[in-house]
Amino acid sequence: MHPPAIGVWVAAFLTIFALSFLYKDNPLFRFTESLFAGVSLGYYVGIVLNQTLMPNLIEPMQQDFGKNWDLVVPGVLGLVLYARYLPRAAWIFRYAITIYVGYYIGLDFTRRIHGEVLPQIARAIVPLNHFDAHTIFYSLLFALGVFSVLIYFFFSKEQDAVTRRIARLGIWFLMVSFGAAFGFTVMGRVALLIGRLNFLIHDWIYPTIGIR
Amino acid sequence: MPTLMDRILGLDRRWIFLLVLIAVVLPTLFPIGLPTTTTDSTRRAFDYIESLKPGDVVWLSFDYGPSSAPENDPMAEGLMRQCFVKHVRVIVSALYPLGGLALANNSLARVVAEFPNLKYGEDYVNLGYKDGAAAVMRQLGESIGGAFPTDVNGKPIAEIPMMQGVHDLHQVKLVFTAATGIIGEWWITQVHAQIGTPVIIGPTAVSAPKYFAYLNAGQLVGMLGGMKGAAEYEKLLQVSHPELATLYRSTPHFTGAKGMDAQAVAHALIILFIVVGNFAYIQHRAAARRRS
């Protein structure tokens, strides 16, 4: 069995340094935190350059500029973003930001309406053509939940005795959903710990002491 | 003189961290083999993939980073195994910037090594990472080549055999996104809603609750929620495909099922903490009322 590679040792120590924060803040944790932030940024720059800018912008223009000349526009808009670091030309970057924001508002508007609002509203309008007890119970519970939570979030009118009680019911529905979300969050966070400990045990400690 | 309840309420949280660490380490060292039950959302995902025909194309998007790899890696790898066993072709991409591509490369290498007959470019292809996930998805509905002119190695996709006849997402039978954060949501609201391609999501457990709304509204075919979802999926794979059962029993790599013992023990401990903490709090409050 081969001993763990140097990269495994580095990853193991960085994992321990990161987890050491649970005991208390210390220089090793801060070193790991800074290293992670720096490496992440460097990785991001590299991957965007190699996987997006090169194949989608630079290479097409190099290979056939006549066919791909329109790529100059997004290329220039991207470069213009950096004008904000030049005090006398900083105003130019606003044009690029304006186009960027406008594009994403347009994209997101349809996405939200078509992909989220309308299907969810359609799901909330439950047809009552299946009159078995299960369907009726869950449809009514669902409708009650939607209605009471909407009342809770309706701030345009002061609540009276009736709407206050409905809003109170809405809080109970919200609490149940927060409880479910908390349970899933615990599972997610424990999963991360499991992943790291599996790495430390199976990829670092066991090979180092010659087990398996 | 502080009472037991006061001591519990004032307990240094590091003792709790230590107990959780022990609760995770012990089952990792000495697996218990607790049973895994399957849920409807996972079965729906599994059955849909099972219904695909040889030659169909599935899009697998690695939309997560190393921090959630213990949850998402087993899902993505399970999907590739099911597809390859059924001779379904797989297009791999990554839309998560920080490590999505590295994880895609690693998982693909691991799974492809288990299927020696697979040919790159015919059975699977890796298109690599692309920045601007929402805009990329918009483009994929019109032209895959518009968003991914080359594969991860720089080879034009027009020269890749399996991409012949796969012009855009309309020719893709399924999108599977192993996702953290918001990218998974975009596949539903951008791709399923506007292009119509069926979507299965494998979110991290933290994100899973919000996807139940999409699942119940029929916007998702199925969902594998966190590590538990991955373990359920692996169980279904092993029941339906004996060759995969052998593989899962012998693999040295991390799987969802391997993590579930530690999950169960840690959850039991946390439930105990919640019960004891609430009991101590109620006792403390009652004592304060009596004193006042």
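Chains as they are written, first to last, in my numbering: chain A, 1 to 212; chain P, 213 to 504.
Glycine included, C-beta positions come from ideal geometry on N, C-alpha and C.
- Task: Kindly indicate if chain P contains any beta-carbon less than 8 angstroms away from that of N68/A.
- Result: Counting from one through the first sequence, the residue named residue 68/A turns up at place 68. At a cut-off of 8 angstroms between C-beta atoms, N68/A does not count as an interface residue with respect to chain P.
- Since I believe N284/P is in contact with G414/P (beta carbons under 8 angstroms), could you give me their beta-carbon distance rounded to a whole number of angstroms? In the second sequence, counting from the first residue as 1, residue 414/P sits at position 202. In the second sequence, counting from the first residue as 1, residue 284/P sits at position 72. N284/P and G414/P do touch by the CB rule: their CB atoms are close to 6 angstroms apart, below 8 angstroms.
- Query: Below 8 angstroms between beta carbons: does that hold for M439/P and A417/P?
  - Reply: Position 227 of the second sequence, counted from the start, is the residue given in the question as residue 439/P. Position 205 of the second sequence, counted from the start, is the residue given in the question as residue 417/P. Closer than 8 angstroms, so yes.
- Message: With a threshold of 8 angstroms between beta carbons, is H114/A in contact with chain P?
- Response: For this step, residue 114/A is matched to residue 114 along the first sequence. Yes, contact with chain P.
- Task: Could you work out which residue in G437/P, K422/P, P454/P and A235/P is closest to A177/A when comparing CA atoms only?
- Result: Translated into the one-based positions of the first sequence, residue 177/A becomes position 177. Just to set this straight, residue 177/A is Ser in the shown sequence, not Ala. Ranking G437/P, K422/P, P454/P and A235/P by Cα distance to S177/A puts K422/P first.
- Would you kindly check if the distance between the Cβ of Q383/P and the Cβ of A405/P is under 8 angstroms? Here residue 405/P is taken as the residue at index 193 of the second sequence, counted from 1. Here residue 383/P is taken as the residue at index 171 of the second sequence, counted from 1. For A405/P and Q383/P, no; Cβs fall outside 8 angstroms.
- Query: What are the boundary residues of the beta strand (DSSP E) that includes L381/P?
  - Reply: The residue labelled residue 381/P in the question sits at position 169 within the second sequence. Unbroken run through L381/P: none, as it is neither H nor E.
- Message: Given the structure, does F36/A come close to the ligand NAP, in the sense that its CB is under 7 angstroms from one of the ligand's heavy atoms?
- Response: Absent from the structure shown: the ligand NAP. Ligands present: none.
- Message: Can you pull the chain A neighbours of V236/P, defined as C-beta to C-beta under 8 angstroms?
- Response: Within the second sequence, the letter at position 24 stands for residue 236/P. Within 8 angstroms Cβ-Cβ: V190, L193, I194 and L197.
- When the cut-off is 8 angstroms and only beta carbons count, does S40/A lie next to chain P? Against the first sequence, residue 40/A aligns to sequence position 40. The beta-carbon of S40/A is placed less than 8 angstroms from the nearest beta-carbon of chain P.
- So the alpha helix (DSSP H) S271/P belongs to, where does it begin and stop? Taking the second sequence and counting its residues from 1, one reaches residue 271/P at position 59. As written in the sequence, residue 271/P is Trp, which differs from the Ser given in the question. Where W271/P is concerned, there is no enclosing alpha helix (DSSP H), although the beta strand (DSSP E) it sits in stretches over V269 to D275.
- Residues bridged to L386/P (per DSSP): Here residue 386/P is taken as the residue at index 174 of the second sequence, counted from 1. According to DSSP, L386/P bridges with V270/P.
- Task: Pull up the CB-CB distance for P247/P and P60/A, whole angstroms please, since I reckon it's below 8 angstroms.
- Result: Your numbering for residue 247/P matches position 35 in the second sequence. Your numbering for residue 60/A matches position 60 in the first sequence. The C-beta distance from P247/P to P60/A rounds to 54 angstroms, too long to meet the 8 angstroms contact threshold.
- Under 8 angstroms between the Cβ atoms of K385/P and T250/P? Counting from one through the second sequence, the residue named residue 385/P turns up at place 173. Counting from one through the second sequence, the residue named residue 250/P turns up at place 38. For the 8 angstroms CB-CB criterion, K385/P and T250/P do not form a contact.
- Query: Hey, is D252/P's beta-carbon within less than 8 angstroms of any beta-carbon in chain A?
  - Reply: Within the second sequence, residue 252/P is the residue found at index 40, counting from 1. With 8 angstroms as the cut-off, D252/P does not count as an interface residue toward chain A.
- Query: Given a threshold of 16 other Cβ atoms within 10 Å of its Cβ, counted over all protein chains shown, does T401/P qualify as buried or as exposed?
  - Reply: Residue numbering aside, residue 401/P sits at position 189 when the second sequence is read from its first letter. Looking at its Cβ environment, which holds 16 or more other Cβ atoms inside 10 Å, T401/P is buried.
- Spatial neighbours of I166/A in its chain, beta-carbon cut-off 7 angstroms, leaving aside the 5 residues before and after: Walking along the first sequence from the start, residue 166/A turns up at place 166. Closer than 7 angstroms at Cβ, skipping near neighbours: S148 and I151.
- Message: What would DSSP say about M439/P, mapped onto helix, strand or coil?
- Response: The residue you call residue 439/P lines up with position 227 of the second sequence. The DSSP-derived three-state label of M439/P is helix.
- Could one say the Cβ of V418/P lies closer than 8 angstroms to chain A's Cβ atoms, at least one of them? Residue mapping note: residue 418/P aligns to position 206 of the second sequence, counting from 1. True, the Cβ-Cβ gap to chain A drops below 8 angstroms.
- Item | Residue ranges of each alpha helix (DSSP H) within the segment 417-482 of chain P, 4 or longer | Annotation note: the segment 417-482 of chain P contains the following uninterrupted alpha helix (DSSP H) runs of length 4 or greater, listed N- to C-terminal: 420-428, 438-452 and 454-462.
- Message: To the nearest angstrom, how far is the alpha carbon of D343/P from that of D335/P?
- Response: On the second sequence, residue 343/P is found 131 positions in, with the first residue counted as 1. On the second sequence, residue 335/P is found 123 positions in, with the first residue counted as 1. Distance between the alpha carbons of D343/P and D335/P: 25 angstroms.
- Would a check of beta-carbon distances place I242/P closer than 8 angstroms to chain A? Counted from its first residue, the second sequence places residue 242/P at position 30. In the sequence as presented, Ile is not what sits at residue 242/P; that position holds Phe. Chain A has no Cβ within less than 8 angstroms of the Cβ of F242/P.
- Message: Checking 8 angstroms against the spacing of the C-beta atoms, do P282/P and I194/A come in under that value?
- Response: Stepping through the second sequence from its first residue, residue 282/P is reached at position 70. Stepping through the first sequence from its first residue, residue 194/A is reached at position 194. Taking C-beta atoms as the reference points, P282/P and I194/A count as a pair closer than 8 angstroms.
- Task: Could you list which residues in chain P have their beta carbon closer than 8 angstroms to that of L22/A, in chain order?
- Result: As a working note, residue 22/A is residue 22 in the first sequence. L22/A reaches chain P at R226 and F229, counting residues in chain order whose Cβ is nearer than 8 angstroms.
- Item | Neighbouring residues, chain A, relative to D343/P (Cβ below 7 angstroms) | To locate residue 343/P, count along the second sequence from 1; it is residue 131. Within 7 angstroms Cβ-Cβ: V48 and T52.
- Evaluate the contact criterion for the segment 257-273 of chain P versus the segment 295-306 of chain P: three or more CB pairs, one atom per stretch, below 8 angstroms. Enough Cβ pairs lie closer than 8 angstroms, so yes.
- Query: Along chain P, which residues have their Cβ under 9 angstroms away from the Cβ of Y43/A?
  - Reply: On the first sequence, residue 43/A is found 43 positions in, with the first residue counted as 1. One finds P309, L310, G311 and A314 in chain P with Cβ atoms closer than 9 angstroms to the Cβ of Y43/A, taken in chain order.
- Give me the Cα-Cα distance between L221/P and I483/P, rounded to the nearest whole angstrom. For the purposes of this step, residue 221/P is taken as residue 9 along the second sequence, with counting starting at 1. For the purposes of this step, residue 483/P is taken as residue 271 along the second sequence, with counting starting at 1. Each residue's alpha carbon lies about 16 angstroms from the other.
- Item | Extent of the continuous beta strand (DSSP E) run through G340/P | For the purposes of this step, residue 340/P is taken as residue 128 along the second sequence, with counting starting at 1. Y336 to Y341 is the span of the beta strand (DSSP E), which, as asked, contains G340/P.
- Message: Here's a check: name, in chain order, each residue in its chain whose Cβ is nearer than 7 angstroms to the Cβ of K298/P, leaving out the five neighbours to either side.
- Response: For the purposes of this step, residue 298/P is taken as the residue at position 86 of the second sequence. If the five residues before and after K298/P are omitted, its C-beta is found closer than 7 angstroms to the C-beta atoms of L264 and P266, all from its own chain and listed in chain order.
- Cα separation between L366/P and P55/A? Reading the second sequence from its first residue, position 154 is the one you call residue 366/P. Reading the first sequence from its first residue, position 55 is the one you call residue 55/A. The displayed chain sequence assigns Gly, not Leu, to residue 366/P. If you take the alpha carbons of G366/P and P55/A, they lie about 7 angstroms apart.
- Task: Establish whether the CB of E283/P and some CB of chain A are separated by less than 8 angstroms.
- Result: If you number the second sequence from 1, residue 283/P lands on position 71. Judged by the 8 angstroms Cβ criterion, E283/P is in contact with chain A.
- Query: Where do the N-terminal and C-terminal ends of the beta strand (DSSP E) with G344/P fall, by residue?
  - Reply: Your numbering for residue 344/P matches position 132 in the second sequence. Judged by DSSP secondary structure, G344/P falls outside any beta strand (DSSP E); it is assigned neither H nor E.
- Spell out whether any CB of chain P is found under 8 angstroms from the CB atom of I56/A. Position 56 of the first sequence, counting from 1, holds the residue named residue 56/A. The question names Ile, but residue 56/A in the sequence shown is Asn. For N56/A, the nearest beta carbon of chain P is closer than 8 angstroms to its own beta carbon.
- Message: Need the endpoints of the alpha helix (DSSP H) that A161/A sits in, please.
- Response: By one-based count along the first sequence, residue 161/A stands at place 161. Its alpha helix (DSSP H) spans residues A161 to N198.
- Taking the alpha-carbon positions, what's the I105/A to I201/A distance? The residue you call residue 105/A lines up with position 105 of the first sequence. The residue you call residue 201/A lines up with position 201 of the first sequence. The straight-line gap separating the alpha-carbon atoms of I105/A and I201/A is approximately 47 angstroms.
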